[in-house]
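Residue numbers (numbering that gives the first Met the number 0): 0 to 250.
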Amino acid sequence: MSKPLEGRVAVVTGASRGIGRAIAEELARRGAKVVVNYHRSAEAAAQVVAAIEAEGGQATPIQADVSDFAQAQVLVKAAIDAYGRLDILVNNAGVTRDRLILMMKEEDWDTVIRVDLKSLFNTCKAAARTMVRQRYGRIINISSVVGIAGQGGQTNYAAAKAGVIGFTKSLAKELGPRGITVNAVAPGLIPTDLTADLPEELRQKALEQTPLRRAGRAEEIAYAVAFLASEEAAFITGVVLPVDGGLVMSG
Ligand code: NAP
């Protein structure tokens with residue numbers, strides 16, 4: 000396979016498992032040096048790095064809670080210190096705390112907003128300085144179809160993921176003149192640890208509403224992210240790309 004991202008340096012947040020892992024592996028396969036960020040799963044992150052190295056790629060695991068402003072600054076600085084530049088930032092880390100509003104605790108709200116939305120402010124603020132200096136950057140934020148269409152039991156998650164879309168469009172306008180693109184990918188249903196506890200009836204309903212009649216694979220999100228990180232996507236900014244088998248247009 001050709002290595003179109005050779006010479007590029009990427010940070011993928013929440014890359015120890017699920018979609019983030021697939022994104023880190025795909026970017027590395029295309030030649031990027033990848034920082035594999037994780038929060039708690041040190042062993043899983045080490046396995047991702049080992050898998051990338053086994054395929055001839057380069058990767059480094061860096062622990063940081065990206066919902067914490069100071070830790071996000073340290074993560075970005077460590078990435079730049081390790082590889083000398085920063086070209087691609089993928090904001091993928093995310094959590095859910097699903098409850099109906101009458102049962103939702105303030106902590107459930109705050110945690111999801113901090114991890115799924117505030118983390119973007121934290122990492123982008125740190126990365127933008129270097130990308131502006133380079134006059135080059137690709138920022139890709141992982142939203143969700145839930146941020147577009149809403150979902151009962153997920154007011155916190157939907158608000159965060161809709162916030163990701165507003166953040167993406169605004170930052171695209173700010174950073175476009177500096178040669179930096181900012182886009183979002185909105186996955187549909189992808190079997191990972193995050194969706195493992197989804198009630199069976201909700202899973203069935205989502206599949207019935209998906210024209211392609213199946214769940215997606217983490218790799219299919221990674222391909223979309225890798226495209227948005229590529230030279231071919233140089234004229235695309237501020238978009239929200241659903242990768243959902245058609246779910247969001249039908250739901
Ligand atoms: P996952 O399998 O649960 O993995 C979540 C990842 O985020 C893990 O690597 C975890 O790290 C990391 N993480 C969590 N909190 C963090 C923090 N504070 N700082 C740094 N890393 C943190 O989830 P997933 O399904 O792959 O989801 C990835 C992204 O896609 C999320 O933004 C999610 O909202 C979005 N998404 C997923 C689906 C789906 O159907 N799966 C659909 C739409 C959107 P540790 O392992 O160290 O805890």
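Note that the Cβ used here is the ideal one computed from N, Cα and C, for glycine as well.
Contact set for residue i: own chain, Cβ-Cβ below 6 Å, skip 5 residues either direction
{"i": "Gln72", "result": "Ala125"}
{"i": "Ala159", "result": "Val111, Ile112, Asp115, Leu116"}
{"i": "Gly162", "result": "Leu116"}
{"i": "Ile61", "result": "Val34, Asn36, Leu74, Ala77"}
Bridge partner(s) assigned by DSSP for residue i
{"i": "Lys32", "result": "Val8"}
{"i": "Arg137", "result": "Ile87, Thr180"}
{"i": "Tyr37", "result": "Gln62"}
{"i": "Ala185", "result": "Pro241"}
Proximity below 8 Å, CB of residue i to CB of residue j
{"i": "Ala31", "j": "Ala14", "result": "no"}
{"i": "Leu211", "j": "Gly244", "result": "yes"}
{"i": "Val75", "j": "Thr12", "result": "no"}
{"i": "Glu219", "j": "Val242", "result": "yes"}
Buried versus exposed, by CB contacts within 10 Å (16 or more), residue i
{"i": "Gly215", "result": "buried"}
{"i": "Glu25", "result": "buried"}
{"i": "Pro176", "result": "exposed"}
{"i": "Gly6", "result": "exposed"}
{"i": "Ser169", "result": "exposed"}
{"i": "Phe234", "result": "exposed"}
{"i": "Met0", "result": "exposed"}
Sequence-distant residues of the same chain with beta carbon closer than 7 Å to residue i, five excluded per side
{"i": "Pro3", "result": "Arg29, Gly30, Ser229, Glu230"}
{"i": "Arg137", "result": "Asp86, Ile87, Thr180, Leu227, Ala228"}
{"i": "Ile164", "result": "Ser142, Gly146, Ala183, Val239"}
{"i": "Glu199", "result": "none"}
{"i": "Arg96", "result": "Asp107, Thr110, Val111, Asn155"}
{"i": "Ala127", "result": "Leu174"}
{"i": "Pro190", "result": "Ala214"}
Where residue i sits in the DSSP three-state scheme
{"i": "Ile112", "result": "helix"}
{"i": "Gly162", "result": "helix"}
{"i": "Leu285", "result": "For the chain, the structure presents residues 0 to 250; residue 285 sits outside this window and is missing."}
{"i": "Thr59", "result": "strand"}
{"i": "Val94", "result": "coil"}
{"i": "Leu170", "result": "helix"}
{"i": "Leu246", "result": "helix"}
{"i": "Val145", "result": "helix"}
{"i": "Val239", "result": "strand"}
{"i": "Met0", "result": "coil"}
{"i": "Ser229", "result": "coil"}
{"i": "Gly19", "result": "helix"}
{"i": "Arg213", "result": "coil"}
{"i": "Leu201", "result": "helix"}
{"i": "Thr122", "result": "helix"}
{"i": "Gln208", "result": "helix"}
{"i": "Thr194", "result": "helix"}
Sequence-distant residues of the same chain with beta carbon closer than 8 Å to residue i, five excluded per side
{"i": "Ile100", "result": "Thr154"}
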